[in-house]
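*Asks:* Here it is: the structure, laid out below.
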Amino acid sequence: MTEELFRDDATLRDCSATVLALSEGGVILDRTVFYPLGGGQAGDAGELLLADDRRVAITEARKSKEHPGAVLHVLAPDADLSLLTPGLAVTAQIDWDRRHRHMRFHTTTHLLCALVPHPVDGCSITAGYARLDFHMLEPLDKETLTAGIARLVAEAHPVRHRWISEAELDANPGLVRSMSVQPPRGLGRVRVLEIDGVDLQPCGGTHVANTAEIGAVVVTKIEKKSAMTRRVVLGFAA
Ligand SMILES: [Zn+2]
Numbered sequence: 001m002t003e004e005l006f007r008d009d010a011t012l013r014d015c016s017a018t019v020l021a022l023s024e025g026g027v028i029l030d031r032t033v034f035y036p037l038g039g040g041q042a043g044d045a046g047e048l049l050l051a052d053d054r055r056v057a058i059t060e061a062r063k064s065k066e067h068p069g070a071v072l073h074v075l076a077p078d079a080d081l082s083l084l085t086p087g088l089a090v091t092a093q094i095d096w097d098r099r100h101r102h103m104r105f106h107t108t109t110h111l112l113c114a115l116v117p118h119p120v121d122g123c124s125i126t127a128g129y130a131r132l133d134f135h136m137l138e139p140l141d142k143e144t145l146t147a148g149i150a151r152l153v154a155e156a157h158p159v160r161h162r163w164i165s166e167a168e169l170d171a172n173p174g175l176v177r178s179m180s181v182q183p184p185r186g187l188g189r190v191r192v193l194e195i196d197g198v199d200l201q202p203c204g205g206t207h208v209a210n211t212a213e214i215g216a217v218v219v220t221k222i223e224k225k226s227a228m229t230r231r232v233v234l235g236f237a238a
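Last residue of the sequence shown: 238 (the working numbering), numbering continuous.
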């Protein structure tokens with residue numbers, strides 16, 4: 001089990017941690033700031049800093065298959081595994097430029113959910129582009145969506161997450177109805193992401209703290225992937 005510090009504070013760039021195990025070509029730590037691939041969002045890359053100033057590159061973070069609940073920090077194929085032994089103290093440091101791009105795009109996908117009130121059936125967020133697939137028949141307009149995003153960014157809406165218990169969900173059917181994506185059940189509590197007055201939905205990803213922090217994100221392409229799927233592709237304005 002890895003303590004996932006990024007769930008409660010997406011702005012953390014590094015943390016001290018202890019190596020628990022080597023597994024599946026990577027390292028498992030007791031705690032981490034690395035977001036593992038999931039929910040459509042790419043996993044973080046970065047470095048582990050050792051006490052003697054040596055650095056070990058991490059190419060990607062993902063969920064461990066061998067150790068459920070643990071985050072696997074994947075090493076480059078040529079990495080020297082002998083540097084890392086269980087019990088070793090390290091500093092885990094993410095590639096912040098890359099992560100901040102993920103956060104800006106990810107938060108924009110929430111704005112799109114507000115602008116396009118149709119179910120989402122696919123999502124991919126990388127540092128270079130993001131795409132969101134909507135289950136819908138009607139065409140979408142690139143310029144209209146880009147203008148909608150720019151308006152919500154300019155309005156500077158605060159972005160917050162909070163944990164809601166299932167008991168609270170059960171007691172508030174209106175809250176559940178107002179969510180653009182229905183919350184999963186059976187987990188005891190659900191992490192929900194709220195953009196004031198714009199979007200509310202369960203989400204475990206990393207987001208910026210205010211829509212103003214998104215900056216200039218535009219719709220670069222709209223594709224008709226199938227009769228009932230419209231794909232919206234996002235990019236950073238040049
Ligand atoms: Zn999200």
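For glycine and all other residues, C-beta sits at the position ideal for the given N, C-alpha and C.
If you compare alpha carbons, which of Asp-53, Asp-52, Leu-48 and Asp-78 is closest to Leu-72?
*Replies:* Looking at the Cα atoms, Leu-48 is the closest of the given residues.
*Asks:* So what's Thr-11 in DSSP terms, helix, strand or just coil?
*Replies:* Thr-11: coil per DSSP, three-state reduction.
*Asks:* Quick one: what's got a C-beta closer than 7 Å to Ala-156's C-beta in the same chain, skipping five residues either side?
*Replies:* Contacts found: Asn-210, Thr-211 and Ala-212.
*Asks:* Verify whether the separation of the beta carbon atoms of Arg-62 and Pro-36 is less than 7 Å.
*Replies:* Taking 7 Å as the Cβ cut-off, Arg-62 and Pro-36 qualify as a contacting pair.
*Asks:* Is His-100 buried or exposed, if buried means 16 or more other CB atoms sit within 10 Å of its CB?
*Replies:* Looking at its Cβ environment, which holds 16 or more other Cβ atoms inside 10 Å, His-100 is buried.
*Asks:* Under the assumption that Leu-20 contacts Leu-12 (Cβ atoms under 8 Å), give the Cβ distance between them as a whole number of angstroms.
*Replies:* Actually they do not touch by this definition, with Cβ atoms about 19 Å apart.
*Asks:* Could you name the residues, in chain order, whose CB is less than 6 Å away from a heavy atom belonging to ligand 2?
*Replies:* Ligands present in the displayed structure are limited to ligand 1, and ligand 2 is not among them.
*Asks:* Kindly indicate which residue of Asp-196, Gly-87, Thr-18 and Val-74 has the alpha-carbon position closest to the one of Arg-160.
*Replies:* Closest option to Arg-160, Cα to Cα, is Asp-196.
*Asks:* Check whether the stretch 26-33 touches the stretch 184-194, counting contact only when three or more Cβ pairs, one atom from each stretch, lie closer than 8 Å.
*Replies:* Contact between the stretch 26-33 and the stretch 184-194 is absent, because fewer than three Cβ pairs lie under 8 Å.
*Asks:* Compute the beta-carbon to beta-carbon distance between Glu-66 and Glu-3, rounded to the nearest angstrom, for a pair I have assumed lies under 8 Å.
*Replies:* Glu-66 to Glu-3, Cβ: 18 Å. No contact.
*Asks:* Starting from the C-beta of Leu-132, find all residues in its chain whose C-beta is less than 7 Å away, skip the five residues before and the five after it, and write them out in chain order.
*Replies:* Here the set comprises Thr-109, Leu-112, Val-120, Cys-123 and Val-232.
*Asks:* Taking Gly-69 as the reference, give the member of Leu-84, Met-1 and Gly-128 with the closest Cα.
*Replies:* Cα-wise, what sits closest to Gly-69 is Met-1.
*Asks:* Do you know offhand how far Val-181's Cα is from Leu-75's?
*Replies:* Distance between the alpha carbons of Val-181 and Leu-75: 35 Å.
*Asks:* Relative to the C-alpha of Arg-177, which candidate in Ile-222, Leu-187 and Leu-200 has its C-alpha closest?
*Replies:* Ranking the options by Cα distance to Arg-177, first place goes to Leu-200.
*Asks:* Classify Thr-2 as helix, strand or coil using the three-state DSSP reduction.
*Replies:* If DSSP states are grouped into helix, strand and coil, Thr-2 belongs with coil.
*Asks:* Label Ser-226 either buried or exposed according to how many other C-beta atoms from any shown protein chain fall within 10 Å of its C-beta, with 16 as the threshold for buried.
*Replies:* Ser-226 is exposed by the Cβ-count criterion.
*Asks:* How about Val-219 and Ala-237: do their beta carbons lie closer than 7 Å?
*Replies:* No, these two residues do not count as a Cβ contact at 7 Å.
*Asks:* Using the C-alpha atoms, what's the distance from Pro-183 back to Pro-202?
*Replies:* Approximately 6 Å between the Cα atoms of the pair.
*Asks:* Using three-state DSSP, classify Thr-206 as helix, strand or coil.
*Replies:* DSSP places Thr-206 in coil when its eight states are reduced to three.
*Asks:* Does DSSP put Phe-134 in a helix, in a strand, or in coil?
*Replies:* Phe-134 falls in the strand class under three-state DSSP.
*Asks:* Which residues share a DSSP beta bridge with Leu-241?
*Replies:* Lying outside 1 to 238, the shown extent of the chain, residue 241 is not represented and no answer is given.
*Asks:* What number of angstroms, rounded off, separates the C-alpha of Leu-22 from the C-alpha of Pro-86?
*Replies:* Going by the C-alpha atoms only, they are around 8 Å apart.
*Asks:* Give me the residue from Leu-152, Gly-148 and His-118 with the minimum Cα distance to Met-136.
*Replies:* The residue with the shortest Cα to Cα distance from Met-136 is His-118.
*Asks:* For Glu-143, which of Arg-230, Ile-222 and Gly-40 has the nearest alpha-carbon?
*Replies:* Looking at the Cα atoms, Ile-222 is the closest of the given residues.
*Asks:* Tell me, which residues are paired with Pro-139 by DSSP?
*Replies:* Partner(s): none; Pro-139 has no beta bridge.
*Asks:* Below 8 Å on the Cβ atoms is my guess for Thr-126 versus Ala-42; work out the distance and round it to an integer in Å.
*Replies:* About 5 Å; that satisfies the 8 Å criterion.
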